[in-house]
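> This is the structure, below, for whatever I ask next.
In my numbering, the protein residues as written are 207 to 693.
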């Protein structure tokens, strides 16, 4: 499988695209005015403790107070056990208390950032846990001897250090003793620096900021078999190479500067795919299609056969469509970065084996997704329920805002509905106020209907209230807006 990493840099925005076999699979965007907060460490002040929710609101210097649940509070000095559920939040925190916290979920919608006091500091091979004591190994490293070898190396490299524990990342498989030891030294120095800055910082305030997106992706994607990493900014290219020489030396030769006049993202049709990822409807090659609706509570995906009629029988047509949809859904979840609760409405299948194969195809396609996903069995209504970890805003939330005309509803009142609302408002005003004439200000489409299809109704209304009603077009009004002015 051919995998490439494309990095597009402008003064205001950095975009990273992950392309497999020429097809965009994932895109991440970071803007200079709104960088992601996940991984940042703050010195915060508890402003409110909520026993009923077993949580607290913490002021860390952001636009909205952040949220800290009892299960994310370390119990006791130096302990890294997540047993906050056994403790009352009032025994763990008090209002006015200053604490060191890390962002684990960006602010999304109207919600503040999600925090934890279980700090984690990643490097190339390891994740340092300042509050831990043990050495954990990634579950993806399955070889028992390799797991023990890595555990012994980390223990030896950190011998004499009583300041924390470690998690060995998947990419560390096969790593040498010197490389692991270098990571331990780097993490200890970084933690010392963070610890000193925390002591000097007045709450609320930022103590440690995670790497910018271009370097963060290189660190987190270490071990992914990329064929090349292409960067269209010479300055960023130099910075990435310097970072790679220190932390990811095996990727140095893969990094190249793209000097072409044609935009890098246009070369791989990334811009076109991003535009498609903002649409509700996703066309399948067979002629079927998906309809994706993202709401605050959950995301729903509906599968339809569309123009696909198959070649054998209805059951086979449905099965083929669902199999293709399973692959497309997995890609769309990554591409759009959809998280939380996700409901998949596959086309009903009577064959139990077909249902099992479609679920297996979905699970297989999701294995390439770095975000943790969990699929439940098919519900009594024939729906597949699943969850996908959400740590940052979706592509739509980053690039779009609610429609100013419909307010995010996705529909507007018809001209007929608005006309009847105007009739009621005119009648109400005529009864309440003594006036010679009434002037209605409305959008062009509404006024056109009033003077055409509803002209007879307008004449009847004027006779009933004994006053004339005039209409005036307001170019800036939306279809739903109108005003009744007394003259």
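For each residue, glycine too, the CB sits at the ideal point set by N, CA and C.
Write down the C-beta distance between residue 332 and residue 244 rounded to the nearest angstrom, noting that I regard them as a contact closer than 8 Å.
Their Cβ separation, rounded to whole angstroms, is 19 Å, which puts residue 332 and residue 244 out of contact at 8 Å.
> Have a look at residue 461 and residue 436 and give me their C-alpha separation to the nearest angstrom.
6 Å
> Quickly, what does DSSP pair residue 274 with across the bridge? List them, please.
262
> If you count every other CB in all the chains shown that lies within 10 Å of the CB of residue 691, and 16 or more means buried, which is it?
exposed
> Is it buried or exposed for residue 501, if we count other Cβ within 10 angstroms and need 16 for buried?
exposed
> For residue 499, does the three-state DSSP call read helix, strand or coil?
strand
> If I follow the unbroken alpha helix (DSSP H) through residue 526, where does it start and stop?
520 to 542
> On the CB-based measure, 16 or more other CB atoms within 10 Å of its CB, does residue 178 come out buried or exposed?
No answer is possible for residue 178: the residues shown for the chain start at 207 and end at 693.
> If we count Cβ pairs, one from each stretch, closer than 8 Å, do we get three or more for the segment 230 to 241 versus the segment 485 to 492?
Because the criterion of three Cβ pairs below 8 Å is not met, the segment 230 to 241 and the segment 485 to 492 do not touch.
> With 16 as the cutoff for other CB atoms within 10 Å, does residue 526 come out buried or exposed?
buried
> Near residue 612, which residues of its chain fall below 6 Å by C-beta distance, leaving aside the five closest residues on each side in sequence?
618
> According to DSSP, simplified to helix, strand and coil, what is residue 325?
coil
> What is the rounded straight-line gap between the Cα of residue 616 and the Cα of residue 608?
9 Å
> What are the uninterrupted segments assigned as alpha helix (DSSP H) that are 4 or more residues long and contained completely in the segment 537 to 624, given in chain order?
558 to 572, 601 to 605
> From this set, 614, 668, 684, which residue's C-alpha is nearest residue 315's C-alpha?
614
> Using 8 Å as the threshold, is the C-beta distance between residue 250 and residue 307 below it?
yes
> What residues are listed by DSSP as bridge partners for residue 308?
Residue 308 has 247, 322 as its beta-bridge partners, per DSSP.
> I need the DSSP call for residue 689, collapsed to helix, strand or coil.
strand
> Could you check how far apart the C-beta atoms of residue 561 and residue 584 are, in whole angstroms? I think they sit under 8 Å.
6 Å
> Using the C-alpha atoms, what's the distance from residue 651 back to residue 634?
23 Å
> Among 629, 686, 420, which has the Cα closest to the Cα of residue 666?
629
> Hey, residue 534 and residue 568: beta-carbon distance below 8 Å or not?
no
> Could you check where the alpha helix (DSSP H) with residue 480 kicks off and where it finishes?
Annotation: the continuous alpha helix (DSSP H) that includes residue 480 extends over 476 to 482.
> Which residues mark the beginning and the end of the alpha helix (DSSP H) in which residue 394 is found?
383 to 406
> Can you name, in chain order, every residue of its own chain whose Cβ lies under 8 Å from the Cβ of residue 219, other than the five neighbours on each side?
235, 236, 237, 238
> Put residue 290 into one of helix, strand or coil per three-state DSSP.
Caution is warranted here: a pLDDT of 40 is assigned to residue 290, below 50, making its placement in the model unreliable, and the coordinate value is therefore given only provisionally. DSSP places residue 290 in helix when its eight states are reduced to three.
> Can you tell which of 625, 407, 467, 364 has its C-alpha closest to the C-alpha of residue 394?
Checking every option, the nearest Cα to that of residue 394 belongs to 364.
> Does the beta-carbon distance from residue 225 to residue 248 come in below 8 Å?
no
> DSSP state of residue 458, grouped into three classes?
Here residue 458 sits in helix by DSSP.
> With 16 as the cutoff for other CB atoms within 10 Å, does residue 289 come out buried or exposed?
Since pLDDT at residue 289 reaches only 43, below the 50 mark, its modelled position is unreliable, and no value is offered.
> Mapping the DSSP letters down to three states, classify residue 347 as helix, strand or coil.
coil
> Which residues bound the beta strand (DSSP E) around residue 468?
Note, residue 468: premise wrong, no beta strand (DSSP E); not H, not E.
> State the DSSP-derived secondary structure class of residue 427, mapped to helix, strand or coil.
Residue 427 falls in the coil class under three-state DSSP.
> How many Å lie between residue 520 and residue 528 at the Cα?
Using only the alpha carbons, I get a separation of about 12 Å.
> Please return the same chain residues whose Cβ sits closer than 7 Å to the Cβ of residue 450, not counting the five positions on each side in sequence.
Only residues of its own chain outside the window of five on either side were considered, and among them 424, 457, 458, 461 have a CB closer than 7 Å to the CB of residue 450, listed in chain order.
> Let me know the secondary structure DSSP gives residue 674 once reduced to three states.
strand
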